[in-house]
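For reference, the structure is listed below as structure tokens.
Protein chains: 2
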Amino acid sequence: MNNRIRELRQQKGWSQADLATLLKVSRQTVNALERGRYDPSLPLAFNVARLFDLTIEDVFQPDQE
Amino acid sequence: MNNRIRELRQQKGWSQADLATLLKVSRQTVNALERGRYDPSLPLAFNVARLFDLTIEDVFQPDQE
DNA sequence: GCCATGTGTAAAGCAAACTTTACATATGCG
DNA sequence: CGCATATGTAAAGTTTGCTTTACACATGGC
Numbered sequence: 001m002n003n004r005i006r007e008l009r010q011q012k013g014w015s016q017a018d019l020a021t022l023l024k025v026s027r028q029t030v031n032a033l034e035r036g037r038y039d040p041s042l043p044l045a046f047n048v049a050r051l052f053d054l055t056i057e058d059v060f061q062p063d064q065e
Numbered sequence: 001m002n003n004r005i006r007e008l009r010q011q012k013g014w015s016q017a018d019l020a021t022l023l024k025v026s027r028q029t030v031n032a033l034e035r036g037r038y039d040p041s042l043p044l045a046f047n048v049a050r051l052f053d054l055t056i057e058d059v060f061q062p063d064q065e
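Below, the structure written as structure tokens:
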């Protein structure tokens, strides 16, 4: 699962810590998501999309199978 | 997190076991999702949405906070 | 009544998501 | 140089998602 979190975050001029605060998760979680270490839970994916005013499909792209 | 899985499944005339097979998860997982016992992983949410030819936002509604 | 099918649920176990604490490295600025 | 900020990572622990096995109950058809 790819995502555009880093790109979207940088467009806003936010640090990983800033984004973590806004999402109410740890900075390590933001880092792990950006680096593709794991996928977010569905509720967190919704929070990310809403924060950037996008759909989940806009932010996350499932691997083509 | 609410979802329309049961409704969508019944529209197709599928049993929980049928849907589980199509999604490649266990029947208990389908049952738990329909009954709101937990949320699906993001990849599974994508699979559900694609199976019904809908967006994630069409199928899943986060609790209003 | 018997059997098949569909649904709900429980327990045990594994894997994935997330946390806290901690340390390393890089960059920029006084 | 010394310090602050940003990022990457690791280890250990908790919670959540999902599996397998198993059993209960309801409904409908023979």
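The listed protein sequences derive, respectively, from chains P and Z.
42 is the number that full-length UniProt numbering gives to position 42 of the first sequence; each next residue is one higher, with no gaps.
59 is the number that full-length UniProt numbering gives to position 59 of the second sequence; each next residue is one higher, with no gaps.
Where a beta carbon is used, it is the ideal one built from N, C-alpha and C, also for glycine.
- Going by C-alpha positions, A17 of chain P is about 45 Å away from W14 of chain Z.
- Measuring C-alpha to C-alpha distances from K12 of chain Z to each of Z:P62, Z:D53, Z:F46, Z:A32 identifies Z:D53 as the nearest.
- For I56 of chain Z, the C-beta contacts it makes with chain P under 7 Å involve I56, E57, in order along the chain.
- The beta carbon of D63 of chain Z is closer than 8 Å to those of M1, N2 in its chain, skipping five residues each way along the sequence.
- Under the three-state reduction of DSSP output, F46 of chain Z falls in the helix class.
- A distance below 6 Å between beta-carbons, with the five flanking residues on each side excluded, links R9 of chain Z to the following residues of its chain, in chain order: L19.
- Proximity of chain Z to A45 of chain P at the Cβ level (cut-off 9 Å) is accounted for by L42, A45, I56, in chain order.
- Close to D39 of chain P, with beta-carbon spacing below 8 Å, are these residues of chain Z in chain order: S41, L42, P43.
- Residues of chain Z whose Cβ lies closer than 7 Å to the Cβ of F60 of chain P are, in chain order, L42.
- Contact between L42 of chain Z and A45 of chain P holds, since their C-beta atoms are separated by about 5 Å, short of 8 Å.
- Checking the DSSP bridge columns, you'll see F60 of chain Z partnered with Z:N3.
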